[in-house]
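Everything in the sequence shown is counted per the working numbering, starting at 9 for the first residue and increasing by one.
The C-beta atom is built at its ideal place from N, Cα and C for all residues, glycine as well.
A short write-up of the structure that comes next.
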Amino acid sequence: MRPGDWVVELGAGLGHLTRALAATGAHVVAVERDRELVPILRAELPDADVAEADAKSFDLRGVAARAGQRVVVCGNLPYHLSSPILFHLLDQREAVRRAVLLLQREVAERIAACPGGRDYGLLSVLLQHVAEPKLELTVPRHAFTPPPEVESAALVLEFLDGPRAEVRDEARFRALVKAAFSHRRKTLWNAVRSMPGAREALKKTGIDPRRRGETLTVEEFASLERAL
């Protein structure tokens, strides 16, 4: 973090991370939905902008417009909310330069997974299509009080200036990837056959319909979507 950066913290809580972020000289926007915590944060952190809002729908584009730059997103994400927040970041990715997130280790490993492995799935493809993920460190259970039942991991997402591969229709791309991973034991053809133009698209791209979805690269999914 550098002075002059604009940082959006999702889920400020009691403000421990907020204080550390503000000390870097960055402009901090702390997002917290708990209305009892918001006035405390505002009183104790006068140098931060505290927004009473839901992290799953917070207007990152609006902050980026105010800042005149893409923002850095930070947060210790609640395990049960990590997926909807990640999809929200996907939807507003043009406003985000980097995301530094503490997640359940299993989720972080899935996002960074390579094709062919059991961890590779929907979030892997969608996020790697627009960002470069990197697992920075693992955080053991005993680092928290009370300790959770699972380990955590710090994940950095460096958002690209544009998608890794061109797609014609973002919604169709997501639907295609979701279908390919909805039944992992199915062949690619059996998983996507209900999509209009699937047979012709597989022929056009030369992708073997007997393959399984978890073997396709991001670029192959994109080429298949373009051919639909």
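Taking C-alpha positions only, valine 37 is separated from isoleucine 93 by approximately 16 Å. Under a 10 Å Cβ-count criterion, leucine 168 is classified as exposed, with fewer than 16 other Cβ atoms of the shown protein chains found around its own Cβ.
By the criterion of at least three beta-carbon pairs nearer than 8 Å, the region 156 to 166 is in contact with the region 110 to 121. Restricted to the region 42 to 93, the alpha helix (DSSP H) segments that are unbroken, complete and at least 4 residues in length are 45 to 52 and 68 to 75, listed in chain order.
Closest in C-alpha terms to histidine 35, from the list Arg219, Gly76 and Ala209, comes Gly76.
By the C-beta density criterion, cysteine 122 is exposed, having fewer than 16 other C-beta atoms within 10 angstroms. Exclusion of the five residues before and after threonine 223 leaves Pro123 and Gly124 as the residues of its chain whose Cβ lies within less than 7 Å of its Cβ. One Cα belongs to alanine 206, the other to leucine 98, and the distance between them is close to 25 Å.
Restricting attention to Thr32, Val158 and Ala63, the CA atom closest to the CA of aspartate 42 is found in Ala63.
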